[in-house]
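For reference, the structure discussed in these notes is given below.
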Amino acid sequence: MTLDELRSDNFRMFDNLSLQPHCRLNVVLGVNAAGKSSLLESIYLLGRGKSFRGSSLQELAGPRERRWTVFGRLSESRNGPTSTHGLGWDAENGLQIRCDGSAANVLDLVQRLPVQILDPGLHRVLQEGPTYRRSFLDWGVFHVEPLFLPTWRRYRRALRQRNHALRSGQSEREVAAWEPELAQSGEALQAFRLRHLEGVQRLVSDYLRVLLGEGEWSFDLSSGWSRTQSLAEALLAHRAQDMRLGMTHQGPHRAELRIRVGSHAAKNRISRGQQKLLISALVLAQCHEIGEVTERWPIVLVDDFGAELAERYQCALMDVLGEYRGQLFVTAFESANAFERVADKRMFHVEHGRVSLLS
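Sequential numbering from 1031 applies to the sequence shown in this note's numbering.
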């Protein structure tokens, strides 16, 4: 997907923004607090319906009044048909979403426009608990596997019902009644995740070789239950324990993506800069896999490009980004030698909420 036009009104510090991006690389320069991240935030909204900065929709309104709008014109190919996404918020009506002029919802945005961001918050994929890594993986599975969403919904419903039966002291028969659905949908979710991870692993090793050199990197997805049992067998074997504790402890909601270098957890063995490069490789490999499978290449946003990276690593990262076949938006404090490595680009400058074209 390509964002051909971006407009916003009273969004953050942008009183009135109009931008015609390049179909490949867009570099946005500016000092801190100039509005670079806010520009990325408006693009992220077009594909996710929420802010990547954890802000409420009300906080996105600029100083003029308690409302904002963001609009994007999109295309799937250079000469192909276009589509539009529009979001607006005001204090009276809340969030309103339109796709091609018709009322829509957040799911419509996510399905139509895959967008991913590389920002300092992505360190959580390594540093925090398994929830972040499952969420990261499932975003990709959602885009490549049409049956993922209905299967995930079936699993979550069965899990909620079984947990309710466990917590409310219902009989073993009532607890067991939800296990066939839980086992069937749970096994399917694990298969979807493994298939997607296999495609990502096929690509990520090449990225890591460019970014971090040779290394024994591994990405292992535990299912959330014993490898020696089916999920149905694991649920039966742990039923009595679950009834004592009031919670289901087996299933893909307990899955863990373990990222290792050698025999050690990667988060304990590499620097912050290396963590940024590792996550960058994972994100780009996942987006590459989505693009190959669906022929709809995600838009990738890179916030604060040079942070925590020496110049040689900036150049290595830009070499990898330059090979990506989708559209890129990169923010930086100042122009860097790394940007000269990609000829097919457009440079912008942001100052006091105004965007100007540099080249």
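Quick reminder that beta carbons are idealized off the backbone N, C-alpha and C, glycines included.
- The segment 1279-1290 makes contact with the segment 1241-1258, as at least three CB pairs between them are under 8 Å.
- Restricted to the segment 1234-1279, the alpha helix (DSSP H) segments that are unbroken, complete and at least 4 residues in length are 1261-1267, 1269-1275, listed in chain order.
- In this chain, the beta strand (DSSP E) harbouring Phe1044 covers 1044-1049.
- Counting along the chain, no beta strand (DSSP E) covers Ile1320; the unbroken alpha helix (DSSP H) around it starts and ends at 1302-1324.
- Using a C-beta cut-off of 8 Å, the segment 1298-1314 makes contact with the segment 1341-1351, since at least three inter-stretch Cβ pairs fall below that distance.
- Cβ contact annotation for Met1273 (same chain, cutoff 8 Å, sequence separation greater than five): Leu1196, Glu1202, Val1205, in chain order.
- If you look at Trp1119, you'll find it in the beta strand (DSSP E) that goes 1112-1120.
- The continuous beta strand (DSSP E) containing Lys1375 extends over residues 1375-1381.
- Boundaries for Asp1168: no beta strand (DSSP E) harbours it, while the alpha helix (DSSP H) harbouring it runs 1160-1174, taken from the DSSP string.
- It is roughly 27 Å from the alpha-carbon of Leu1137 to the alpha-carbon of Thr1361.
- Within the segment 1055-1135, the runs of beta strand (DSSP E) that reach at least 3 residues and sit entirely inside it are, in chain order, 1055-1059, 1097-1105, 1112-1120, 1124-1129, 1132-1134.
- Within the same chain, and ignoring the five residues on either side of Glu1209 in sequence, the residues whose Cβ sits closer than 6 Å to its Cβ are Leu1265.
- In this structure Asn1062 is exposed. Its beta-carbon is surrounded by fewer than 16 other beta-carbon atoms within 10 angstroms.
- Rounded to the nearest whole angstrom, the C-alpha separation of Ala1270 and Ala1188 is 18 Å.
- Cβ contact annotation for Arg1184 (same chain, cutoff 6 Å, sequence separation greater than five): Ser1215, in chain order.
- Annotation for Glu1381: Gly1060, Ala1064 place their beta carbon closer than 7 Å to its own, counting only its chain and skipping 5 residues before and after.
- The segment 1075-1085 makes contact with the segment 1112-1127, as at least three CB pairs between them are under 8 Å.
- Look at Val1372 here: in three-state DSSP terms it is coil, with no helix or strand label.
- Sequence-distant Cβ neighbours of Val1234 in its own chain, meaning closer than 7 Å and more than five residues away, are Ala1311, Leu1312, Ala1315.
- In the DSSP assignment, Phe1178 falls within the unbroken alpha helix (DSSP H) covering 1178-1197.
- Annotation: Gly1229 to Arg1094 spans about 47 Å, alpha carbon to alpha carbon.
- Only residues of its own chain outside the window of five on either side were considered, and among them His1268, Gln1271, Asp1272 have a CB closer than 8 Å to the CB of His1279, listed in chain order.
- DSSP, reduced to helix, strand and coil, places Asp1334 outside both helices and strands of the structure shown, so it counts as coil.
- If you draw a straight line from the Cα of Arg1097 to the Cα of Glu1244, it is about 50 Å long.
- The beta carbon of Ile1329 sits closer than 8 Å to those of Met1031, Thr1032, Leu1033, Ile1073, Gly1077, Leu1143, Pro1144, Val1145, Gln1146, Gly1356, Gln1357, Leu1358, Phe1359, all from its chain and outside the five residues before and after it, given in chain order.
- For the pair Glu1246 and Tyr1237, the Cα-to-Cα distance works out to about 13 Å.
- Val1100 is a Cβ neighbour of Leu1036, given a cutoff of 9 Å.
- Around the beta carbon of Glu1319, 16 or more other beta carbons lie within 10 angstroms, which makes this residue buried.
- Relative to Gly1352, the option among Val1155, Leu1055, Pro1051 whose CA is nearest is Leu1055.
- Under the three-state reduction of DSSP output, Arg1290 falls in the strand class.
- Beta-carbon to beta-carbon, Phe1166 and Val1155 are separated by about 5 Å, close enough to satisfy the 8 Å threshold.
- Nearest Cα to Leu1148 within the set Pro1051, Glu1158, Cys1317: Cys1317.
- Between the beta-carbon of Glu1341 and that of Asn1367 there is about 6 Å, and that keeps the pair under the 8 Å contact cut.
- Following the DSSP letters along the chain, one finds Arg1154 in no beta strand (DSSP E) but inside the alpha helix (DSSP H) bounded by residues 1154-1157.
- Nearest Cα to Ser1256 within the set Pro1282, Phe1335, Val1240: Pro1282.
- In this structure, the beta-carbon distance from His1226 to Val1140 does not fall below 9 Å.
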